[in-house]
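So the protein sequences, as listed, match chains F and E.
Be aware that the first sequence starts at 1, since it is given in the working numbering, and climbs by one per residue.
Be aware that the second sequence starts at 193, since it is given in the working numbering, and climbs by one per residue.
Backbone N, C-alpha and C define an ideal beta-carbon position, used for all residues, glycine too.
One structure below.
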Amino acid sequence: MKNLVHFLCFALLSLALGLGSAYYFIEHGFALVAPNNGPWKTWINAGSLTADPYTRARIARFGDLPITSGSGLTFVAKTDSDGSDLSSDCEYEIVARPLSAIWWSIALYDSDGELIPNKAGRHAFNSQNLTVLPDGTQRIILAREARPGHWLPSGEDHDLTLVLRMIRPLSLEQQRQGLAFQSLPSIQKGNC
Amino acid sequence: MRAFWPWLLASVFCAGVIHVLTVFGVPYLATRDAWSRLSALSDQNQLYLLPIAAADTPLPFMAPDVAYAFCRFDLSASNVSLQTELGDGSWSIAVSGRHGENFYFISGSEAKRRELRLLLVPRARLSEEVSTERSEEGDEQIIVITPNMTGIAVIRAPVRGPSFADDTIRLLQSAQCQPVIEQDPNVIAAEEAKPELNGPAIIRGGGGARRPIRPRTRVQ
């Protein structure tokens, strides 16, 4: 009887640890496969022919269709620059310097990856329609109500997710030097 | 408690094995990967446009300011050609295996031309085809060698703003993805021998059109 109890504990513990740790690392990654740059996280090997098994598992599980990091990068932010969860209860200002890429875009989703319905039909701004201010920055405001400038409606009562996409994010010189990241936009919390 | 230590160590070891098996197994067991999701709404070797900023997208976190067209290709019977006009330098074409491994990418700014034609050829058939296959496009055609017979080609067309969406979609609608069925060499030889066809040789396109061909030059 004692052995049976031990065996059951062994089986349950093995399954919980094995499956739980696999789920966690596929979901959240770790520094080697999904490094952070401020609030932004990217699966750096996504799309690569030699991608690590965690990245491959994540792509299969979530149904992504990525391109390699040399061709395009996708960063996801679920927190602001201070580490607090992004929420529609607060306003945020995204401050960017023009990024070195053929094209880049910042889009807003809820925590499930769904676009937030709004009358203005605004879900993203990109390098082709963001204006550069006199101080050299490009700014986007996330808020429930309309704001002057580049405003993205954040809806009500849900957590937010920002996705930054860049096509050809690195120059040949940067690729040679191995610079994977540039200075990415900051996300500053405003009124809540 | 002492008697449980061996069980504890064994469970940590087994957990490690389960962890590794799970991580390596997910790509082969996942039923909601991109290939499966797109299979539900498309046939093979045809191009499909996805609505811009739709509420219910087939793939997660699709960019709302990008128009997507995709083609699930199967090269087991014939090569497949993908043709599109490029709106501007930010347009891109990515070709991936069915598990998401991206083996080819080109953007409009690198293409340095208005129109692009990719010919997808499987590596397994390369030795038979490269020396014999010809195309009418010559320098304008890019040969893409695919590691597997199946995969997904995606055209991404960024939309400058809502007022540009219709123009982008219209341009994307002219893109094509279709099998290229080469005629039997004996038939070609016979047709070349006929006096009325003493010109360029021909191949048949996906729509059955007969096309004159010239040697191609660019392989990637």
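Query raised in the report: Within 8 Å (strictly less), CB to CB, does tryptophan 199(E) reach chain F?
Result: Yes, tryptophan 199(E) lies at the interface with chain F (some Cβ there is under 8 Å from its Cβ).
Query raised in the report: Got a sec? Which residues, its chain only, sit under 8 Å from leucine 233(E) by beta carbon, not counting five neighbours each side?
Result: Tyr240, Pro250
Query raised in the report: Do proline 39(F) and alanine 101(F) have their CB atoms nearer than 8 Å?
Result: no
Report task. Would you list, in chain order, the members of the segment 249-261 of chain E that have their beta-carbon closer than 7 Å to a beta-carbon of chain F? Result -> Listed in sequence order: Leu251, Pro252, Phe253, Ala255, Pro256, Asp257.
Query raised in the report: Of the residues Gly292(E), Met341(E), Pro243(E), Thr214(E), which one's Cα is nearest the Cα of proline 354(E)?
Result: Pro243(E)
Query raised in the report: Is it the case that the CB of glycine 38(F) approaches a heavy atom of the ligand SAH more closely than 7 Å?
Result: Only the bare structure without any ligand can be found here, which leaves the ligand SAH out of the picture.
Query - Residue from Met1(F), Gly136(F), Ile187(F) whose Cα sits closest to the Cα of leucine 142(F) - result: Ile187(F)
Query - Length of the line joining the Cα atoms of asparagine 3(F) and leucine 17(F) - result: Rounded to whole angstroms, asparagine 3(F) to leucine 17(F) spans 21 Å at the Cα level.
**Report entry** Cβ-based burial, alanine 261(E) [other Cβ within 10 Å; buried from 16]
**Finding:** That one is buried.
Requested in this report: Could you check if threonine 276(E) is buried or exposed, using at least 16 other CB atoms within 10 Å of its CB as the buried criterion?
Outcome: Looking at its Cβ environment, which holds 16 or more other Cβ atoms inside 10 Å, threonine 276(E) is buried.
Requested in this report: Taking all protein chains shown into account, decide if leucine 274(E) is buried (16 or more other Cβ within 10 angstroms of its Cβ) or exposed.
Outcome: buried
Query raised in the report: Whose C-beta lies closer than 7 Å to the C-beta of isoleucine 140(F) among residues of the same chain, with five residues either side of it excluded?
Result: Ile94, Ile106, Phe125, His150, Leu152
Query raised in the report: Do tyrosine 54(F) and glycine 190(F) have their C-beta atoms within less than 8 Å of each other?
Result: no
Query - Reduced DSSP secondary structure (H/G/I, E/B, other) of valine 132(F) - result: coil
**Report entry** Distance between histidine 211(E) and serine 203(E) (C-alpha atoms, nearest Å)
**Finding:** 12 Å
Report task. State yes or no: is the beta carbon of aspartate 94(F) nearer than 8 Å to at least one beta carbon in chain E? Result -> The displayed chain sequence assigns isoleucine, not aspartate, to residue 94(F). With 8 Å as the cut-off, isoleucine 94(F) does not count as an interface residue toward chain E.
Report task. Compute the beta-carbon to beta-carbon distance between proline 339(E) and phenylalanine 295(E), rounded to the nearest angstrom, for a pair I have assumed lies under 8 Å. Result -> The beta carbons of proline 339(E) and phenylalanine 295(E) sit about 6 Å from each other, so the pair counts as a contact at 8 Å.
Query raised in the report: My guess is that phenylalanine 205(E) and histidine 6(F) are in contact by the Cβ rule of under 8 Å, so how many angstroms apart are they, rounded?
Result: About 15 Å; that fails the 8 Å criterion.
Query raised in the report: Using DSSP with H/G/I as helix, E/B as strand and the rest coil, what is asparagine 3(F)?
Result: helix
Query raised in the report: What residues from the segment 213-229 of chain E come within 7 Å of chain F, judged by C-beta to C-beta, listed N to C?
Result: Thr214, Val215, Phe216, Val218, Pro219, Ala222, Arg224, Asp225, Ala226, Arg229
**Report entry** Within 7 Å of chain F by C-beta, residues of the segment 276-298 of chain E in sequence order
**Finding:** Gly281, Ser282, Ser284, Ala286, Ser288, His291, Gly292, Glu293, Asn294, Phe295, Phe297
Report task. Could you tell me whether the segment 27-45 of chain F touches the segment 115-123 of chain F, using the rule of 3 or more Cβ pairs below 8 Å? Result -> no
Report task. Write down every uninterrupted run of the beta strand (DSSP E) in the segment 78-106 of chain F whose length is 3 residues or greater and which is fully enclosed by it, in chain order. Result -> Here the runs fully enclosed are 92-96.
Report task. With a threshold of 16 other CB atoms inside 10 Å of the CB of glutamate 293(E), please say whether the residue is buried or exposed. Result -> buried
Requested in this report: Please compile the residues from chain E whose C-beta is within a distance smaller than 8 Å of the C-beta of histidine 28(F).
Outcome: Ordered by position in chain E, no residue passes the 8 Å Cβ test against histidine 28(F), which lies about 13 Å from the chain.
Report task. Please look up how many angstroms separate the CB atoms of alanine 46(F) and isoleucine 26(F), rounded, as I've assumed it's under 8 Å. Result -> The pair is not a contact, with the Cβ atoms about 13 Å apart (cut-off 8 Å).
Query raised in the report: Thinking C-beta only, is leucine 184(F) closer than 8 Å to phenylalanine 75(F)?
Result: Going by C-beta atoms, phenylalanine 75(F) is nearer than 8 Å to leucine 184(F).
Requested in this report: Grab me the residues of threonine 137(F)'s own chain with a C-beta within less than 8 Å of its C-beta, minus the 5 sequence neighbours each way, in chain order.
Outcome: Val95, Ala96, Arg97
Query raised in the report: If you drop the 5 nearest sequence neighbours on each side, which residues of the same chain put their C-beta closer than 8 Å to that of proline 117(F)?
Result: Gly155
Requested in this report: Determine the burial state of threonine 50(F): buried for a count of at least 16 other Cβ atoms within 10 Å of its Cβ, exposed for fewer.
Outcome: exposed
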